[in-house]
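2 protein chains.
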Amino acid sequence: MEEEKGIVKIKVFDLETDEKIVLIRRDDAEKLDLKSQDKIILQSKEGKRVYATIYISNVVEEKNLVLVSNNLAAEIDIKDGDKVKISLAPIPKSIQYIKKKISGQKLDANEIYQIIRDIVDGHIGPVEIMGYTLAVNYVEMDMDEIEALTRAMYETGNIIEFDAPTYDKHSIGGVPGNKVSLLIVPIVAAAGLLIPKTSSKAITSPTGTADTMEVLADVEFDVDEFKEIVSKTGGAIVWGGKLELAPADDIIIRAERTLGLDPIPQMIASIMAKKMATGIKHLVLDIPAGVGTKMTTVEEATNIGRLFIELGDRLGVRVQCGVTYGAQPVGHAVGPALEAREALQALIKDGPASLIEKATSLAGILLEMGGKAPIGYGYALAKEILRKGDAYSKMKEIIEAQGGDPDVKPDEIPVGEYHYEVYAPVDGFVTDVSNIAVSAIARAAGAPKDRGAGIILHVKRGHKVTKGDKILDIYAERSTRLQDAVGVLHSTRPIIIEGMLLKTIPERPIYTYFSQGSSSE
Amino acid sequence: MEEEKGIVKIKVFDLETDEKIVLIRRDDAEKLDLKSQDKIILQSKEGKRVYATIYISNVVEEKNLVLVSNNLAAEIDIKDGDKVKISLAPIPKSIQYIKKKISGQKLDANEIYQIIRDIVDGHIGPVEIMGYTLAVNYVEMDMDEIEALTRAMYETGNIIEFDAPTYDKHSIGGVPGNKVSLLIVPIVAAAGLLIPKTSSKAITSPTGTADTMEVLADVEFDVDEFKEIVSKTGGAIVWGGKLELAPADDIIIRAERTLGLDPIPQMIASIMAKKMATGIKHLVLDIPAGVGTKMTTVEEATNIGRLFIELGDRLGVRVQCGVTYGAQPVGHAVGPALEAREALQALIKDGPASLIEKATSLAGILLEMGGKAPIGYGYALAKEILRKGDAYSKMKEIIEAQGGDPDVKPDEIPVGEYHYEVYAPVDGFVTDVSNIAVSAIARAAGAPKDRGAGIILHVKRGHKVTKGDKILDIYAERSTRLQDAVGVLHSTRPIIIEGMLLKTIPERPIYTYFSQGSSSE
Numbered sequence: 001m002e003e004e005k006g007i008v009k010i011k012v013f014d015l016e017t018d019e020k021i022v023l024i025r026r027d028d029a030e031k032l033d034l035k036s037q038d039k040i041i042l043q044s045k046e047g048k049r050v051y052a053t054i055y056i057s058n059v060v061e062e063k064n065l066v067l068v069s070n071n072l073a074a075e076i077d078i079k080d081g082d083k084v085k086i087s088l089a090p091i092p093k094s095i096q097y098i099k100k101k102i103s104g105q106k107l108d109a110n111e112i113y114q115i116i117r118d119i120v121d122g123h124i125g126p127v128e129i130m131g132y133t134l135a136v137n138y139v140e141m142d143m144d145e146i147e148a149l150t151r152a153m154y155e156t157g158n159i160i161e162f163d164a165p166t167y168d169k170h171s172i173g174g175v176p177g178n179k180v181s182l183l184i185v186p187i188v189a190a191a192g193l194l195i196p197k198t199s200s201k202a203i204t205s206p207t208g209t210a211d212t213m214e215v216l217a218d219v220e221f222d223v224d225e226f227k228e229i230v231s232k233t234g235g236a237i238v239w240g241g242k243l244e245l246a247p248a249d250d251i252i253i254r255a256e257r258t259l260g261l262d263p264i265p266q267m268i269a270s271i272m273a274k275k276m277a278t279g280i281k282h283l284v285l286d287i288p289a290g291v292g293t294k295m296t297t298v299e300e301a302t303n304i305g306r307l308f309i310e311l312g313d314r315l316g317v318r319v320q321c322g323v324t325y326g327a328q329p330v331g332h333a334v335g336p337a338l339e340a341r342e343a344l345q346a347l348i349k350d351g352p353a354s355l356i357e358k359a360t361s362l363a364g365i366l367l368e369m370g371g372k373a374p375i376g377y378g379y380a381l382a383k384e385i386l387r388k389g390d391a392y393s394k395m396k397e398i399i400e401a402q403g404g405d406p407d408v409k410p411d412e413i414p415v416g417e418y419h420y421e422v423y424a425p426v427d428g429f430v431t432d433v434s435n436i437a438v439s440a441i442a443r444a445a446g447a448p449k450d451r452g453a454g455i456i457l458h459v460k461r462g463h464k465v466t467k468g469d470k471i472l473d474i475y476a477e478r479s480t481r482l483q484d485a486v487g488v489l490h491s492t493r494p495i496i497i498e499g500m501l502l503k504t505i506p507e508r509p510i511y512t513y514f515s516q517g518s519s520s521e
Numbered sequence: 001m002e003e004e005k006g007i008v009k010i011k012v013f014d015l016e017t018d019e020k021i022v023l024i025r026r027d028d029a030e031k032l033d034l035k036s037q038d039k040i041i042l043q044s045k046e047g048k049r050v051y052a053t054i055y056i057s058n059v060v061e062e063k064n065l066v067l068v069s070n071n072l073a074a075e076i077d078i079k080d081g082d083k084v085k086i087s088l089a090p091i092p093k094s095i096q097y098i099k100k101k102i103s104g105q106k107l108d109a110n111e112i113y114q115i116i117r118d119i120v121d122g123h124i125g126p127v128e129i130m131g132y133t134l135a136v137n138y139v140e141m142d143m144d145e146i147e148a149l150t151r152a153m154y155e156t157g158n159i160i161e162f163d164a165p166t167y168d169k170h171s172i173g174g175v176p177g178n179k180v181s182l183l184i185v186p187i188v189a190a191a192g193l194l195i196p197k198t199s200s201k202a203i204t205s206p207t208g209t210a211d212t213m214e215v216l217a218d219v220e221f222d223v224d225e226f227k228e229i230v231s232k233t234g235g236a237i238v239w240g241g242k243l244e245l246a247p248a249d250d251i252i253i254r255a256e257r258t259l260g261l262d263p264i265p266q267m268i269a270s271i272m273a274k275k276m277a278t279g280i281k282h283l284v285l286d287i288p289a290g291v292g293t294k295m296t297t298v299e300e301a302t303n304i305g306r307l308f309i310e311l312g313d314r315l316g317v318r319v320q321c322g323v324t325y326g327a328q329p330v331g332h333a334v335g336p337a338l339e340a341r342e343a344l345q346a347l348i349k350d351g352p353a354s355l356i357e358k359a360t361s362l363a364g365i366l367l368e369m370g371g372k373a374p375i376g377y378g379y380a381l382a383k384e385i386l387r388k389g390d391a392y393s394k395m396k397e398i399i400e401a402q403g404g405d406p407d408v409k410p411d412e413i414p415v416g417e418y419h420y421e422v423y424a425p426v427d428g429f430v431t432d433v434s435n436i437a438v439s440a441i442a443r444a445a446g447a448p449k450d451r452g453a454g455i456i457l458h459v460k461r462g463h464k465v466t467k468g469d470k471i472l473d474i475y476a477e478r479s480t481r482l483q484d485a486v487g488v489l490h491s492t493r494p495i496i497i498e499g500m501l502l503k504t505i506p507e508r509p510i511y512t513y514f515s516q517g518s519s520s521e
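In structure tokens, the structure reads:
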């Protein structure tokens with residue numbers, strides 16, 4: 001039960017943290033019967049409430065005063081000198097439901113809602129969320145639970161309504177270089193459909209769509225600004241984080257990523273909840289399959305696709321899935337600035353086949369769903385929109401609406417000034433380009449935080465190379481990062497060339513990847 | 001890789017927290033390329049090192065100064081004005097081993113050691129520990145892993161050596177009122193064996209052995225004090241927490257208890273590691289079995305016992321297990337002061353049969369293991385030692401050595417001044433006394449924090465009661481707590497009386513528990 005403790009004055013201090021913190025003097029804590037690390041509720045005079053953790057500290061100088069962290073003050077609109085009511089928070093109801101899931105039982109909709117509510121309210125924290133995530137990971141959830149989870153995540157965030165039906169493309173990720181959204185959004189918008197794309201920043205990958213777009217324009221907008229951009233241009237590519245759509249997702253991801261977890265029921269519900277929150281009724285889902293992606297086999301990818309379609313049916317969202325080739329990076333560029341360059345180049349004139357084909361195939365499905373092309377003709381229409389330059393014109397509108405420079409040319413986009421080149425050590429055919437190694441090197445080079453860091457692949461699977469051909473460029477903004485990336489390069493195999501010797505004794509393929517490199521500043 | 005960032009001056013501030021905290025100004029953080037919530041290493045001029053979390057905050061007034069929490073300063077012996085080196089901590093190696101366990105694989109000894117090392121060093125925190133715990137819970141561990149875990153926990157803490165072989169009794173818990181250690185230790189010590197008992201404070205139960213003993217004497221000693229007490233009296237009952245034996249256990253428990261977890265491999269390893277750390281070579285293990293204990297059935301308890309015996313064989317500890325009746329509380333008293341009264345009374349003159357029988361049976365096994373009684377005669381010797389008053393004399397010595405009053409009488413021990421009585425609503429036989437309900441009521445009444453809070457059971461299973469007989473007393477130190485306890489009483493069934501009607505239609509037992517109560521102050 002919530003137990004009222006007393007009224008105190010507050011002073012705000014800046015603390016960069018995810019947690020909401022209150023500091024109290026020891027004597028005041030004893031007077032109010034509060035222990036350090038107790039979970040409390042702070043209530044403003046206007047009745048706004050927030051969960052916080054209280055700590056006993058001697059940095060508080062006055063009696064009857066508590067210091068509150070700025071994130072907390074912002075949430076309930078309080079400022080220095082304001083009075084707040086402190087109560088001891090009740091034990092979160094969701095704890096028993098998480099325990100129930102841990103023990104292997106099915107949860108009902110109310111129980112799931114309570115878990116998500118407590119996560120969004122900050123009533124439970126990362127430790128409990130880790131428990132919840134692993135329970136979902138091991139015990140799994142059936143479709144009733146996934147539906148309830150999706151609705152709970154949707155209902156506990158902002159909901160944005162548009163005047164016309166909206167379309168969207170989502171990739172479940174895992175393949176580096178996947179800048180297709182920067183082509184799909186302008187193609188679909190140029191055809192006259194609304195495509196209000198919200199996207200994420202990279203967590204474990206070298207760049208997310210929002211990171212790449214941010215090289216060209218702003219991506220952080222509030223709900224009204226976002227709606228205005230979409231109503232002006234028909235499309236947008238913004239960061240979802242600021243819009244507070246299904247905010248439980250970001251909180252859960254922060255806990256999950258500590259151990260690299262991403263259980264499927266949670267992943268599916270998170271994606272669909274965000275799409276529902278922008279009123280999406282037609283969704284094309286890109287499911288890359290292949291080693292190094294989230295779905296190792298086509299079968300796995302197909303199963304996930306079926307779950308999305310069934311969930312979409314229950315929620316009134318029409319879903320079509322494209323299982324795409326994901327066993328190597330898309331296009332040649334990996335990293336925010338390098339990918340932005342490649343996407344822009346593809347819109348202006350031409351780009352790698354893997355990028356163009358994938359983008360126009362997925363865009364084509366949306367054009368068919370929206371009645372802009374007959375079934376079977378969406379792909380051709382998408383290609384035509386791209387070829388005619390309509391997609392590029394639309395992209396310039398979108399960049400301008402999002403506060404960027406619409407006339408920027410690909411080679412004007414700055415990339416890291418430190419770079420390292422890798423050459424083929426032997427003649428042969430490229431038998432593998434490793435998603436995992438490419439991502440690891442690009443991240444070590446500084447991506448996504450250092451926008452100019454990343455990789456250019458000069459060869460892809462099946463290409464023939466001659467000893468001494470350049471096969472890879474690494475870019476970094478800082479020399480230490482370049483060194484880190486080269487270190488990772490030496491311990492991984494981003495590109496595998498199989499020698500074309502007709503016979504070796506003992507008989508086995510020769511796997512090599514590089515033997516020389518030159519560093520330039 | 002560990003990355004050196006720079007040297008800064010420190011100022012200590014008090015903050016009551018489990019985490020080790022460093023606060024830094026924004027400009028200094030930018031200069032050192034540190035982000036808020038980065039994990040860092042602080043190193044003193046003397047080379048002592050500690051992991052900490054850094055937060056950007058405006059409470060730091062000077063440049064080139066960081067504020068460090070007092071727990072951190074104590075750990076590496078630094079004070080205001082000292083200079084420390086800050087480095088960015090490398091990614092903990094244990095993360096990949098925890099992920100490996102999550103994915104279902106067996107860990108080798110080095111991997112397990114690294115997890116425990118990182119836990120003890122604070123290199124990984126509660127979120128990762130929750131992940132580890134649930135992985136152990138779902139994936140389990142085989143005996144190789146449990147042995148490695150035990151050794152890792154033992155090696156990462158203090159190790160205490162005694163001059164003679166040492167004996168111990170441990171209960172795996174779950175049954176309320178289990179104050180048997182307060183009888184067993186003096187019985188065994190009176191027979192001339194060394195029994196340096198370390199025990200825990202209650203986490204989820206109404207009292208732990210250390211809480212109960214603390215009513216009679218101090219329980220917090222450092223290693224030298226502990227050794228001195230044991231060398232003087234042959235026995236001791238102290239809190240293990242301050243001795244830093246297998247300190248990983250306390251840290252893991254703090255994370256686990258958020259969701260009430262206690263996976264069996266972790267529990268077994270924790271117990272054995274602590275016993276090894278005090279050089280125990282002979283251990284009798286009390287495994288209560290029954291509804292409401294950790295082991296619901298005798299079969300489960302037997303299986304756990306076998307695991308302990310096998311692990312003991314591998315570690316050179318002779319283990320004998322007693323599966324004990326745990327389906328209802330031991331004795332009549334539950335709660336620190338009430339249990340201390342009951343134990344003392346049993347030593348002085350007499351006590352409930354369930355307490356005397358259990359204590360002398362377990363003590364008897366230790367007397368046989370130590371060669372003080374032939375096999376089969378330990379129980380009789382234990383009873384004799386108790387009857388003659390030798391155990392009470394020894395207990396007085398131990399209380400005095402631990403700084404308590406050896407002459408305290410049971411009824412001089414203060415109990416809560418607020419109390420509530422429960423009467424039998426019908427004639428009949430007691431068919432059940434619920435461990436879970438009894439614990440919940442005692443905890444709601446304030447136990448273990450409020451030492452005088454708890455329960456006296458006036459009836460146990462099989463007792464015949466007449467309508468209006470007093471069956472239960474609840475004690476509390478605060479009136480609000482008494483109300484809470486009565487609230488829990490009304491929503492649980494601590495005592496079930498089956499009416500002795502010969503026949504009911506429809507045929508079913510009548511479960512009732514109480515209908516009237518009187519509150520006195």
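Chains as they are written, first to last, in the numbering used here: chain A, 1 to 521; chain B, 1 to 521. By construction, the Cβ of each residue, glycine as well, lies at the ideal position given by its N, Cα and C atoms. Being a predicted model, the structure only gives us computed values, none of them experimental.
- As the crow flies, the alpha-carbon of residue 322 of chain A is around 29 Å from that of residue 134 of chain A.
- Rounded to the nearest whole angstrom, the C-alpha separation of residue 359 of chain A and residue 419 of chain A is 29 Å.
- Rounded to the nearest angstrom, the gap between the Cα atoms of residue 495 of chain B and residue 431 of chain B is 8 Å.
- Taking a Cβ-Cβ threshold of 8 Å, the residues of chain B close to residue 37 of chain A are 16, 17, 18, in chain order.
- Contact annotation, residue 44 of chain B with residue 82 of chain B: C-beta distance approximately 7 Å; criterion of less than 8 Å satisfied.
- The straight-line gap separating the alpha-carbon atoms of residue 244 of chain B and residue 222 of chain B is approximately 9 Å.
- Residue A/425 holds the alpha-carbon nearest to the alpha-carbon of residue 468 of chain A among A/425, A/386, A/92.
- For the region 253-266 of chain B, the set of positions with a beta-carbon nearer than 9 Å to some beta-carbon of chain A reads 255, 258, 259, 260, 261 in chain order.
- The region 364-384 of chain B and the region 188-207 of chain B touch, with three or more beta-carbon pairs separated by less than 8 Å.
- Relative to residue 387 of chain A, the option among A/400, A/183, A/116, A/139 whose CA is nearest is A/183.
- At a C-beta separation below 7 Å, residue 226 of chain A has no neighbours in chain B, since its nearest C-beta there lies roughly 27 Å away.
- Residue 177 of chain B sits buried, since 16 or more C-beta atoms from the chains shown fall within 10 Å of its C-beta.
- Rounded to whole angstroms, residue 76 of chain B and residue 319 of chain A show a C-alpha spacing of 58 Å.
- When the beta-carbon positions are compared, residue 72 of chain B and residue 20 of chain B come within less than 7 Å of each other.
- With a 10 Å radius around the Cβ and a threshold of 16 neighbouring Cβ atoms, residue 48 of chain B comes out exposed.
- Taking C-beta atoms as the reference points, residue 218 of chain B and residue 402 of chain B count as a pair closer than 7 Å.
- By DSSP's assignment, residue 432 of chain B forms a beta bridge with B/496.
- Taking the Cα positions, residue 116 of chain A is about 10 Å away from residue 247 of chain A.
- For residue 126 of chain B, the enclosing alpha helix (DSSP H) stretches over residues 126-139.
- For residue 92 of chain A, the closest Cβ of chain B is not nearer than 7 Å.
- As the crow flies, the alpha-carbon of residue 209 of chain A is around 44 Å from that of residue 152 of chain B.
- Look at residue 418 of chain A: its C-beta is not under 7 Å from any C-beta on chain B.
- Across the structure, residue 232 of chain A and residue 399 of chain A are spaced so that their CA atoms are roughly 12 Å apart.
- Distance from the CA atom of residue 450 of chain B to the CA atom of residue 324 of chain B, rounded to whole angstroms, is 29 Å.
- As DSSP reads the structure, residue 52 of chain A sits in a beta bridge with A/40.
- Of all residues in the region 56-68 of chain A, those with a C-beta nearer than 7 Å to a C-beta of chain B are 56, 57, 58, 59, reading in chain order.
- A distance below 6 Å between beta-carbons, with the five flanking residues on each side excluded, links residue 395 of chain B to the following residues of its chain, in chain order: 186, 347.
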